[in-house]
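Residue numbers (my numbering): 457 to 606.
Okay, here's the thing in C-alpha coordinates:
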(Lines of atoms letter the chains of each structure in order from A and count residues from 1; the text may use other names and numbers.)
(Lines give C-alpha, C1' and ligand atoms only; values in the text may rest on other atoms or scores of the structure.)
Protein backbone atom coordinates (compact mmCIF):
# COMPACT_ATOMS: atom_id res chain seq x y z
CA UNK A 1 0.00 0.00 0.00
CA UNK A 2 1.44 3.35 -1.06
CA UNK A 3 1.24 6.33 1.25
CA UNK A 4 0.16 9.73 -0.02
CA UNK A 5 3.79 10.87 0.28
CA UNK A 6 4.83 8.06 -2.06
CA UNK A 7 1.98 8.74 -4.50
CA UNK A 8 2.76 12.47 -4.73
CA UNK A 9 6.50 12.09 -4.10
CA UNK A 10 6.56 14.82 -1.48
CA UNK A 11 6.37 15.43 2.24
CA UNK A 12 3.85 17.66 4.01
CA UNK A 13 4.48 20.53 6.39
CA UNK A 14 1.68 19.33 8.71
CA UNK A 15 -1.11 16.78 9.07
CA UNK A 16 -3.79 19.34 8.17
CA UNK A 17 -2.31 19.80 4.71
CA UNK A 18 -1.75 16.06 4.32
CA UNK A 19 -5.37 15.34 5.29
CA UNK A 20 -6.80 17.94 2.90
CA UNK A 21 -4.70 16.66 0.02
CA UNK A 22 -5.47 13.04 0.91
CA UNK A 23 -9.21 13.77 0.75
CA UNK A 24 -8.82 15.52 -2.64
CA UNK A 25 -6.57 12.78 -4.00
CA UNK A 26 -8.95 10.03 -2.87
CA UNK A 27 -11.95 11.95 -4.26
CA UNK A 28 -10.24 12.14 -7.65
CA UNK A 29 -9.20 8.48 -7.47
CA UNK A 30 -12.77 7.29 -6.84
CA UNK A 31 -14.23 9.90 -9.22
CA UNK A 32 -12.08 8.72 -12.11
CA UNK A 33 -13.08 5.10 -11.56
CA UNK A 34 -16.74 6.13 -11.38
CA UNK A 35 -16.53 8.21 -14.55
CA UNK A 36 -14.89 5.37 -16.47
CA UNK A 37 -17.60 2.92 -15.39
CA UNK A 38 -20.49 5.28 -16.20
CA UNK A 39 -18.99 6.39 -19.52
CA UNK A 40 -19.69 2.90 -20.87
CA UNK A 41 -23.39 3.66 -20.40
CA UNK A 42 -23.22 7.20 -21.79
CA UNK A 43 -23.83 8.86 -18.42
CA UNK A 44 -21.94 11.20 -16.17
CA UNK A 45 -21.91 10.51 -12.43
CA UNK A 46 -24.30 13.44 -11.90
CA UNK A 47 -26.73 12.12 -14.53
CA UNK A 48 -26.58 8.73 -12.80
CA UNK A 49 -27.29 10.46 -9.47
CA UNK A 50 -30.36 12.20 -10.96
CA UNK A 51 -31.66 8.90 -12.33
CA UNK A 52 -31.22 7.25 -8.92
CA UNK A 53 -33.10 10.09 -7.24
CA UNK A 54 -35.94 9.70 -9.73
CA UNK A 55 -35.96 5.91 -9.30
CA UNK A 56 -36.40 6.51 -5.57
CA UNK A 57 -39.38 8.77 -6.30
CA UNK A 58 -40.91 6.40 -8.87
CA UNK A 59 -43.80 6.26 -9.70
CA UNK A 60 -44.27 9.77 -8.29
CA UNK A 61 -43.13 12.88 -10.13
CA UNK A 62 -40.29 15.05 -8.84
CA UNK A 63 -39.39 18.66 -9.50
CA UNK A 64 -36.05 20.32 -10.15
CA UNK A 65 -35.87 21.66 -6.58
CA UNK A 66 -36.22 18.20 -5.04
CA UNK A 67 -33.54 16.82 -7.35
CA UNK A 68 -31.16 19.67 -6.51
CA UNK A 69 -31.67 19.11 -2.75
CA UNK A 70 -30.73 15.46 -3.04
CA UNK A 71 -27.85 15.71 -5.50
CA UNK A 72 -24.38 14.85 -4.29
CA UNK A 73 -22.92 17.72 -6.37
CA UNK A 74 -25.33 20.54 -5.60
CA UNK A 75 -23.49 23.00 -7.81
CA UNK A 76 -24.67 21.15 -10.90
CA UNK A 77 -27.05 22.79 -13.37
CA UNK A 78 -30.02 20.47 -12.84
CA UNK A 79 -32.07 21.95 -15.70
CA UNK A 80 -29.35 21.12 -18.23
CA UNK A 81 -28.88 17.65 -16.81
CA UNK A 82 -32.63 17.07 -17.08
CA UNK A 83 -32.55 18.33 -20.69
CA UNK A 84 -29.83 15.79 -21.53
CA UNK A 85 -31.69 12.93 -19.84
CA UNK A 86 -34.93 13.87 -21.64
CA UNK A 87 -33.02 13.88 -24.96
CA UNK A 88 -31.78 10.35 -24.16
CA UNK A 89 -35.36 9.30 -23.36
CA UNK A 90 -34.31 8.30 -19.84
CA UNK A 91 -36.78 10.64 -18.13
CA UNK A 92 -40.06 12.37 -18.99
CA UNK A 93 -40.71 16.04 -18.28
CA UNK A 94 -44.11 17.70 -18.02
CA UNK A 95 -45.57 20.99 -16.87
CA UNK A 96 -46.59 21.08 -13.22
CA UNK A 97 -50.38 21.49 -13.05
CA UNK A 98 -50.14 23.74 -9.96
CA UNK A 99 -47.34 26.02 -11.20
CA UNK A 100 -46.71 26.40 -14.93
CA UNK A 101 -43.21 27.75 -14.27
CA UNK A 102 -42.23 24.50 -12.60
CA UNK A 103 -41.50 21.28 -14.46
CA UNK A 104 -42.20 17.81 -13.14
CA UNK A 105 -39.93 14.93 -14.12
CA UNK A 106 -40.21 11.17 -13.82
CA UNK A 107 -37.87 8.36 -14.77
CA UNK A 108 -38.90 6.45 -17.91
CA UNK A 109 -38.96 2.68 -18.37
CA UNK A 110 -35.80 3.07 -20.45
CA UNK A 111 -34.17 4.91 -17.52
CA UNK A 112 -35.23 2.19 -15.08
CA UNK A 113 -33.82 -0.48 -17.41
CA UNK A 114 -30.52 1.37 -17.71
CA UNK A 115 -30.19 1.71 -13.93
CA UNK A 116 -30.90 -1.99 -13.56
CA UNK A 117 -28.05 -2.75 -15.99
CA UNK A 118 -25.79 -0.36 -14.07
CA UNK A 119 -26.23 -2.13 -10.73
CA UNK A 120 -22.99 -3.99 -11.54
CA UNK A 121 -21.19 -0.60 -11.51
CA UNK A 122 -22.09 -0.15 -7.87
CA UNK A 123 -20.69 -3.60 -7.09
CA UNK A 124 -17.45 -2.68 -8.86
CA UNK A 125 -17.23 0.58 -6.90
CA UNK A 126 -17.97 -1.23 -3.64
CA UNK A 127 -15.12 -3.62 -4.46
CA UNK A 128 -12.71 -0.67 -4.13
CA UNK A 129 -13.68 -0.48 -0.44
CA UNK A 130 -13.87 -4.20 0.38
CA UNK A 131 -10.38 -4.29 1.89
CA UNK A 132 -11.70 -2.09 4.72
CA UNK A 133 -13.29 -3.81 7.70
CA UNK A 134 -16.86 -2.92 8.72
CA UNK A 135 -15.39 -1.08 11.71
CA UNK A 136 -13.03 0.92 9.48
CA UNK A 137 -15.88 1.81 7.12
CA UNK A 138 -17.97 2.99 10.05
CA UNK A 139 -15.08 5.03 11.47
CA UNK A 140 -14.35 6.58 8.07
CA UNK A 141 -18.00 7.58 7.67
CA UNK A 142 -18.07 9.09 11.17
CA UNK A 143 -14.93 11.12 10.48
CA UNK A 144 -16.19 12.36 7.10
CA UNK A 145 -19.59 13.27 8.60
CA UNK A 146 -17.83 15.12 11.41
CA UNK A 147 -15.70 17.02 8.91
CA UNK A 148 -18.74 18.16 6.90
CA UNK A 149 -20.87 19.01 9.94
CA UNK A 150 -18.40 21.12 11.91
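Think of the CB as a built atom: it goes at the ideal place given N, C-alpha and C, for glycine as much as any other residue.
Self-check item: Residues that residue 467 bridges to, as DSSP identifies them
Solution: Note: residue 467 sits in no beta bridge, so no partner.
Quiz item: Going by beta carbon distance, what residues of the same chain come within less than 6 Å of residue 571, once the five residues before and after it are set aside?
Solution: Residues of the same chain with a CB within less than 6 Å of the CB of residue 571, apart from the 5 flanking positions on each side, are 507, 511 in chain order.
Quiz item: How would you label residue 535, buried or exposed, when you count the other beta carbons within 10 angstroms and need 16 or more for buried?
Solution: Classification of residue 535: exposed, given that the 10 Å Cβ count is below 16.
Practice problem: Name the residue from 591, 470, 481, 457 whose alpha carbon lies nearest to the alpha carbon of residue 464. | Solution: If you compare the alpha carbons of 591, 470, 481, 457 with that of residue 464, the shortest gap goes to 481.
Quiz prompt | Residue span of the beta strand (DSSP E) that contains residue 556, given as start and end | solution = No beta strand (DSSP E) holds residue 556; DSSP gives it neither H nor E.
Quiz item: In whole angstroms, what is the alpha-carbon distance linking residue 548 and residue 567?
Solution: Using only the alpha carbons, I get a separation of about 10 Å.
Quiz item: Could you give the residue range of the beta strand (DSSP E) that holds residue 547?
Solution: It spans 547-551 - the beta strand (DSSP E) in which residue 547 sits, taken as one unbroken run.
Quiz item: Which of helix, strand or coil does DSSP assign to residue 479?
Solution: Helix, per DSSP.
Practice problem: Look up residue 519 in the DSSP assignment and say whether it is helix, strand or coil. | Solution: In the three-state reduction of the DSSP assignment, residue 519 falls in the strand class.
Exercise. May I ask you to report which of helix, strand or coil DSSP gives residue 489?
Key: The three-state secondary structure of residue 489, taken from DSSP, is helix.
Quiz item: Near residue 490, which residues of its chain fall below 7 Å by C-beta distance, leaving aside the five closest residues on each side in sequence?
Solution: Cβ neighbours of residue 490 beyond the five flanking positions: 501, 581.
Quiz item: Within 7 Å: the Cβ of residue 480 and any heavy atom of the ligand ZN?
Solution: Here there are no bound small molecules, and the ligand ZN is not part of this structure.
Quiz prompt | Buried or exposed (CB count within 10 angstroms, at least 16 for buried), residue 518 | solution = With 16 or more other Cβ atoms within 10 Å, it is buried.
Quiz prompt | Assigned secondary structure, residue 528 (DSSP; H/G/I helix, E/B strand, else coil) | solution = In the structure shown, residue 528 sits in coil (DSSP, three-state: anything other than H, G, I, E or B).
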